[in-house]
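Shown next, in structure tokens, is the structure this report addresses.
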Amino acid sequence: MNKIFALAGVVIKELYRRKDFYVLFILTALLTFAAGSANFFHDAKIVRYLKDICLLLIWVSALLVAILTAARQIPAEREARTIFPLLAKPVSRAQLIVGKFLGCWLATGLALFVFYLFFAVITGSREQIWPVGVYLEAAWMQWVMLAIVIGMVLLGSIYFAAPSSTTTIAFIVVVGILFVGSHLNTIALQQGEPVQSILAFLYFTIPHLEWYDLRDFVVYDMGMAPVGAVALATLYAAAWTGIFLLLTWLGFRRKNLTT
Amino acid sequence: MTVILQTQKLRVEYRNRDFRQANKVALLGLDLEVRAGEVFGFLGPNGAGKTTTMNVLLGFIPPTSGSASLFGIDVRQPIARQRIGYLPELTYYYKFLTAEELLRFYAKIFGLSRSETDRRIADLLKLVELEHASKRPIKSYSKGMQQRVGIAQSLINNPDLLILDEPTSGLDPLGRMKVREIIQRLKDEGKTVFFSSHELGEVEAICDHVAIVHQGELKAMGTVAEISAGHPNLEQAFLKVVGYQNAAAS
Amino acid sequence: MKVSPWILLAGLLALAFTLATKLAATADNWSGRSKPENVFEMLLGDGRRLFANESFTMADVYFHSGYYPSMFDQNAKEQREIIAASHGHKETEEEEKKEDFFGQPHDWIDAFGRNFRITRHTHLAAHQEREILPWLRLAADLDPQKIETYTVGAYFMREHLGRPNEAEAFLREGLRHNPGNSEILFELGRIYRENRHDLNRARNVWEYGVKSYLSLSPDLQKENKLVYEELVMNLARLEDEAGNYAAAIKWFEKGKVVSPAPDAIQKQIDDIEKKLAGAKPVAAPK
Ligand SMILES: Nc1ncnc2c1ncn2[C@@H]1O[C@H](COP(=O)(O)OP(=O)(O)O)[C@@H](O)[C@H]1O
Ligand SMILES: [Mg+2]
């Protein structure tokens, strides 16, 4: 376990020593401030659009942080050959994968924490309300979803040598699921065969990332989503993350690292 | 004396991505034995299969057939690498870490205690003369300094067996000198050193045992004296073994 | 000769800036179109109109606090009735039920997913209705020719948010982009009449609206019959209230022609005529 944490620590250090995160955060903050300074009919109490925009930016940024970080881990180790001195130590490839996963996930969590803190301060200063539970739940669900995404990206990263291909594909897949994941069966009904069966199959087999988007609950002050459902969704995410990590390990464990 | 590094009928084929071409056979049935306390020179011209052998020993590539073990443990088990140190032919280290952080990270992988870690890091930074730069990110290091970080990391666990892949190639004379000193010191401490090289003068100076591989096959193995018997020096013996006729004739 | 790249760079920048100041004045004439109204027009050109509809829909989404059919929800499209276009919601229980576009869950994925969606049909409380305004503002910026934006926005600001001044300014903005539009004029007249109780200005605006309607082509007139009817009827009631019974009758007569219920109007005319007969001294027209 210590080995896994040591591996994760390196990933986290990398995140906060690279510029990506700061750029994303500053961009998010700037855009939010710009949106916040807009004047709509001299009404200073309007706040939901601001929450909406800020959360959207947070979703995009966190997704970028997670995907970009995860996609480059293993390829960068191989590219820079740092994987050789590392694996020459008593650490298994499974531990390497789990350590990388944990690092990416914790690093993303750190980023999420900063983002949501910013969000809470911005909206709190406007609305004077602090629904901490709602924020925590929304952030938790997002973080849990990002675990699936990170697992998926790690799997991709052992098959696609270039992190840019992994990143692009992952982004398309994740955004695709978020947008149409829950509608695939409805869309399927309007299609002919074989598209119908394919879509219906996908509907039942893809990880349903769209569940984890609780932005509407936050934006529209709807209170918390049922906690029991959140717990179940967490379990579901853990299962999918496990599936992806297992697949990653199966692909990686016998991989010849010199090619 | 106990055998601590062993390969048996080790065969490695690199699978070719292009199906029409045959697989590249890098090792065809290599039998090696390194005993405790030896400084073992692993010799061979470029492309002989030295790095490949080390890659198998370290578990980077699975053998096509045959087996390899360290301290009697199959190399596929991570624990086989608990007591070894390894210096790759070329590497870069995590550029965003400092030398000290890098060593601390590797120490954690070995499960060293905190006080042990602190002591080792201090010793090693002194040994490779990087104390002054230990708090700077590695990306600011020169090539030579990076190589010295490499040496330091290979020694972090106070290994009983050191595997060095052409440790002196690409170093300036001073650097070579330094590496030779370190190998000598480890030998004095009773450690085993297994290193590849094609710098024969150097090998002659510090090795007691050598093996010569050529095109994936073991051509000779024994003490330096045994191998160079009947030749003016190790270099001539080497050239003869790898089939360089002219030299052998002279 | 060796030139420092920095000097070269500085020279080129200076050149570029000088040219820019010289050319900016004439650049507008090149493209042959007027100066862009705002950043959206500059960035999106005419494509911005597409986004205007989206933005208008978002106002509706906000009005329902996120309870809204996506473009994939079947049959939902027909039920997508724009909020505010209906000028305030008076949905009955039944209608509310009909709007349950989710229906029964199709499968466990759908059923479970509903935990994380807003599944309650609600409307914003009166004081929260301001939240839809940014989308209307955006819609107006994206497509200044979209009349609904102004009328809906003004309706909420006037009726629910108690901000007739902003409503008036928004309508005037709409008029600037759509001179003489009778729908906007109608809304504007309501501000004068209902909020400011200024019958004269209301009358002027509405009469201008009628005039502007009558100058439309027959096709457009047919399309906008409803607003004409509203204008005429409101004018009639206004005159009635002002005591100008003759004028009121004149407007009611016009309303009768277009109204689907001419009998009811006739009854109103009769009532006024009774009043005329009863109270001889006619109130002097204001
Ligand atoms: N990843 C690889 N794919 C295919 N062939 C390889 C690969 N690595 C090494 N080889 C081949 O295997 C042989 C042995 O290489 P190597 O072990 O690197 O030699 P050495 O280290 O002794 O110079 C060479 O012929 C080399 O071309
Ligand atoms: Mg080599």
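Protein chains in written order, with numbering that gives the first Met the number 0: chain Z, 0 to 258; chain Y, 0 to 249; chain F, 0 to 285. Built from N, CA and C at the ideal position, the CB exists for glycine as well.
- Residue Y/186 holds the alpha-carbon nearest to the alpha-carbon of residue 37 of chain Y among Y/219, Y/186 and Y/97.
- Between the region 144–152 of chain Y and the region 98–109 of chain Y, the count of Cβ pairs shorter than 8 Å is three or higher; the stretches touch.
- Annotation note: the region 173–208 of chain Y contains the following uninterrupted alpha helix (DSSP H) runs of length 4 or greater, listed N- to C-terminal: 199–205.
- Residue 88 of chain Y has its Cβ nearer than 6 Å to a heavy atom of ligand 2.
- 152: these are the residues of the region 152–184 of chain Y whose beta carbon lies less than 7 Å from some beta carbon of chain Z, given in chain order.
- Within chain Z, the residues whose beta carbon sits less than 7 Å from that of residue 114 of chain F are 224, 225 and 228, listed in sequence order.
- Placement of the Cβ of residue 138 of chain Y at a distance of 6 Å or more from every heavy atom of ligand 2 is found.
- The alpha-carbon separation between residue 242 of chain Z and residue 166 of chain Y amounts to approximately 41 Å.
- In this structure the region 20–29 of chain Y does not touch the region 250–257 of chain Z; the number of beta carbon pairs closer than 8 Å is below three.
- Under the criterion of beta carbons closer than 8 Å, residue 11 of chain Z and residue 98 of chain Z do not qualify as touching, at roughly 11 Å.
- Contact note: residue 90 of chain Y reaches chain Z through 79, 80, 81, 83 and 84, using a C-beta cutoff of 8 Å and chain order.
- Assignment of beta-bridge partners to residue 85 of chain Y by DSSP yields Y/162.
- Secondary structure of residue 63 of chain F (DSSP, three-state): coil.
- Contact between residue 215 of chain F and residue 39 of chain Z is ruled out by a C-beta separation of about 32 Å, above the 8 Å threshold.
- Residue contact check for residue 54 of chain Y against chain Z: a CB pair falls below 7 Å.
- Near ligand 1, residues with a Cβ at less than 6 Å from any of the ligand's heavy atoms are Z/257, Z/258, Y/13, Y/23, Y/25, Y/43, Y/45, Y/46, Y/47, Y/48, Y/49, Y/50 and Y/51; the list follows chain order.
- In this structure the region 145–155 of chain Z lies against the region 59–74 of chain Z, because at least three pairs of beta carbons, one per stretch, are closer than 8 Å.
- One Cα belongs to residue 54 of chain F, the other to residue 179 of chain Z, and the distance between them is close to 20 Å.
- In the same chain as residue 33 of chain Z, and ignoring 5 residues on each side of it, no C-beta atom comes closer than 6 Å to its own.
- When 7 Å is used as the limit between beta carbons, residue 69 of chain F is near these residues of chain Z: 182, in chain order.
- Counting only the Cα atoms, residue 69 of chain Y lies some 13 Å from residue 54 of chain Y.
- Interface criterion met: the Cβ of residue 132 of chain F is under 7 Å from a Cβ in chain Z.
- By DSSP's assignment, residue 5 of chain Y forms a beta bridge with Y/32 and Y/68.
- Within chain Z, the C-beta atoms nearer than 9 Å to that of residue 57 of chain Y come from 83, 86 and 87, in chain order.
- One Cα belongs to residue 194 of chain Z, the other to residue 112 of chain F, and the distance between them is close to 24 Å.
- According to the DSSP assignment, residue 188 of chain Z belongs to no beta strand (DSSP E) but to the alpha helix (DSSP H) extending over 183–188.
- Looking at the DSSP output, residue 73 of chain Y sits in a beta bridge with Y/68.
- Judged by DSSP in its simplified three-state form, residue 82 of chain Z adopts helix.
- Residues of the region 145–170 of chain F that bring their beta carbon within less than 9 Å of a beta carbon in chain Z comprise 152, 156, 160, 162, 164, 165, 166, 168 and 169, in sequence order.
- Proximity of the region 48–57 of chain Z to the region 107–122 of chain Z meets the contact definition, three or more beta-carbon pairs being nearer than 8 Å.
- Judged by their CB atoms, residue 155 of chain Y and residue 102 of chain Y are nearer to each other than the 7 Å cut-off.
- Taking 7 Å as the cut-off, the Cβ atoms of residue 114 of chain F and residue 130 of chain Z do not count as close.
- If you look at residue 210 of chain F, you'll find it in the alpha helix (DSSP H) that goes 198–213.
- For the region 92–120 of chain Y, the set of residues with a beta-carbon nearer than 8 Å to any beta-carbon of chain Z comprises 92, 93, 94, 95, 96, 100, 104, 105, 107, 108, 109 and 110, in chain order.
- Between residue 127 of chain Z and residue 49 of chain Z, the alpha-carbon positions lie close to 14 Å from each other.
- Contact check between the region 13–23 of chain Z and the region 182–194 of chain Z: fewer than three CB pairs, one atom from each, fall below 8 Å, which does not count as touching.
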